[in-house]
Amino acid sequence: MLGNTFILLSANGGGFLSSLNNPDGLNLGDIIVTIVFFAILMVLLKKFAWGPLMGIMDQRAELIANEIEAAENSRLESHKLLEEQRALLKEARENAQSIVENARKQGETQREELITAARSEVNRMKESATLEIATEKEKAVAAVREEFVSLSILAASKVLGKEISEEDNRALIEETIVKAGEGR
Amino acid sequence: MNHENPNIVFLGLNFNPANILMLFVTCLVVFLIAVISTRNLKVKPTGMQNFMEWVMDFVKGIIKNNMDWKTGGRFHVLGITLIMFVFVANMLGLPAGVVWKGELWWKSPTADPVITLTLASMVVVLTHYYGVKQLGTKGYFKTYLQPMPFLAPLKIIEEFANTLTLGLRLYGNIFAGEILIGLLATLGAGSAFGLIGAVVPALAWLGFSVFIGAIQAFIFVMLTMVYMAHKVETDH
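Read top to bottom, the protein sequences are chains A and B. If you're matching positions, the first sequence starts at 222 in the numbering used here and goes up one per residue. If you're matching positions, the second sequence starts at 2 in the numbering used here and goes up one per residue.
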């Protein structure tokens, strides 16, 4: 291939060949030196320059990726926390409302109960008073009746001038009074 | 401009000590630039580290333009070394050519066709090596029959043409640049009148040569990756 090259180039004229200047043929030594130098340079640079540089660039890429991920994570977390807080707040508000509602309901029931109890107490008292009044009236009537019997007997004995045996006539008189009561 | 090149024979091989000297200087400069700029590596880059990382990303971009990064990642080191090497080599001859006893000692190593063709051959041999490694021997030979079997002779010629164009393009650009710089320098050194006439075009051409040197380094690496992609990927 290189032979072809030089045939091709020699058509150019002497200027080119003089720059090649290889009186004994091909500059094979230069070719070897070029390749060896380039290979050594590449190996050395890979070890001392490109390798570390690529390492640091990868490290940076990783760092940036991590940072982005961390930022994304913290954003999601804060979003989650915010939602949680919002839910808690809502729950608390609902709780408060239900507590107030309950208290009001309880108060109302209590009031109802109190009123009912008071009313029934009043009724009971009224009834017992009525009953007592009736009993007292009965008693009073009985006492009056008894007193009236005694007075009647006393009056009759005064009228008759003789002692009427209270025991003998009491039954009779009482019967009369009952009759009079019935007749009235 | 027809300077002789120094020549020594060692172990039956012809050596051009000027080439060896310039290759050594190039390697040294590249190595020093790379090592100095990658001291004190930090996750948060500063100074020269930024520049080196830019070079790496630049080469990475070239590779990614041509192939999948999964297959192309292994050529990253080759690409960075190659672009730095060719660029520095192109720059070295710009300040001046040094001629000692009629022999040209200081020049761009890439202004010598032996060196550029060696680099080009090395790249093409590497593409064949990785082609076989990546696709297997059968898959490698199959690529010669695609897209049409009767194009196989063209595909074989293409391999040689690739090598030649890759090497000679670089050589031609840099050699021509140096010749023109040399001519302008000769003109400027000739007389006071010539100096006045030569300063402006010499400066312009120097600037343009820097541009050409950078562009040629980029083209060399890009074509390397293009050839590599042709060999290691099936769907091209």
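For every residue, glycine included, the Cβ atom is placed at its ideal position computed from N, Cα and C. None of the values given here were measured: they were computed from a predicted structure.
Kindly indicate which three-state DSSP category residue i falls into: helix, strand or coil?
i	result
Thr-340(A)	The sequence shown places Arg at residue 340(A), rather than the Thr named in the question. Arg-340(A) falls in the helix class under three-state DSSP.
Lys-43(B)	coil
Gln-147(B)	coil
Gly-250(A)	helix
Gly-94(B)	coil
Glu-234(B)	coil
Asp-69(B)	coil
Asp-113(B)	coil
Gly-328(A)	helix
Gly-48(B)	coil
Given a cut-off of 8 Å on the beta-carbon distance, is the pair residue i and residue j in contact?
i	j	result
Ala-90(B)	Thr-144(B)	no
Phe-259(A)	Val-36(B)	no
Glu-179(B)	Gly-94(B)	yes
Val-124(B)	Tyr-228(B)	yes
Leu-83(B)	Val-222(B)	yes
Asn-163(B)	Gln-217(B)	no
Val-115(B)	Asn-248(A)	yes
Met-23(B)	Lys-108(B)	yes
Val-87(B)	Leu-165(B)	no
Asn-38(B)	Phe-52(B)	A small fix is needed here, since residue 38(B) is Ser in this sequence, not Asn. Yes.
Leu-105(B)	Gly-168(B)	no
Phe-32(B)	Leu-265(A)	yes
Asn-6(B)	Pro-110(B)	no
Arg-366(A)	Ile-398(A)	yes
Leu-188(B)	Trp-206(B)	no
Leu-284(A)	Glu-54(B)	no
Gly-250(A)	Phe-25(B)	no
Ala-203(B)	Ile-220(B)	no
Lys-232(B)	Thr-138(B)	no
Asn-67(B)	Ala-230(B)	yes
Thr-72(B)	Gln-147(B)	no
Met-85(B)	Val-56(B)	yes
Gly-214(B)	Met-92(B)	yes
Leu-120(B)	Thr-255(A)	yes
Spatial neighbours of residue i within its chain, please: C-beta separation below 7 Å, excluding the five flanking residues on both sides.
i	result
Gly-402(A)	none
Ile-63(B)	Gly-80, Val-222, Met-223, Met-226
Pro-18(B)	Pro-7, Ile-9
Phe-176(B)	Ala-112
Ala-317(A)	none
Tyr-131(B)	Met-229, Lys-232, Val-233
Phe-76(B)	Ile-64, Met-226, Met-229
Phe-369(A)	Ile-398
Tell me which same chain residues have a C-beta within less than 8 Å of the C-beta of residue i, skipping the five on either side of it?
i	result
Ala-392(A)	none
Lys-43(B)	Gln-50
Ala-376(A)	none
Thr-337(A)	none
Ile-352(A)	The sequence given here has Leu at residue 352(A), not Ile. Within the same chain, Leu-352(A) has no close Cβ partners at all.
Pro-46(B)	Glu-54
Ala-190(B)	Leu-196
Ser-373(A)	Ile-394, Ile-398
Output needed for residue i: all residues of its chain with C-beta closer than 6 Å, excluding positions within five of it in sequence on either side, in chain order.
i	result
Leu-12(B)	none
Val-133(B)	Tyr-141
Ser-299(A)	none
Thr-226(A)	Low local confidence applies: a pLDDT of 44 at Thr-226(A) is under 50, so the model's placement there is unreliable, with the coordinate-based value given in what follows. For Thr-226(A), where only same-chain residues beyond five positions count, there are no Cβ hits under 6 Å.
| request: May I have a chain-ordered list of the beta strand (DSSP E) segments no shorter than 3 residues that lie completely inside the region 169-229 of chain B? | output: none
| Hey, which unbroken runs of the alpha helix (DSSP H) at 4 residues or more fall wholly within the region 285-331 of chain A? | none
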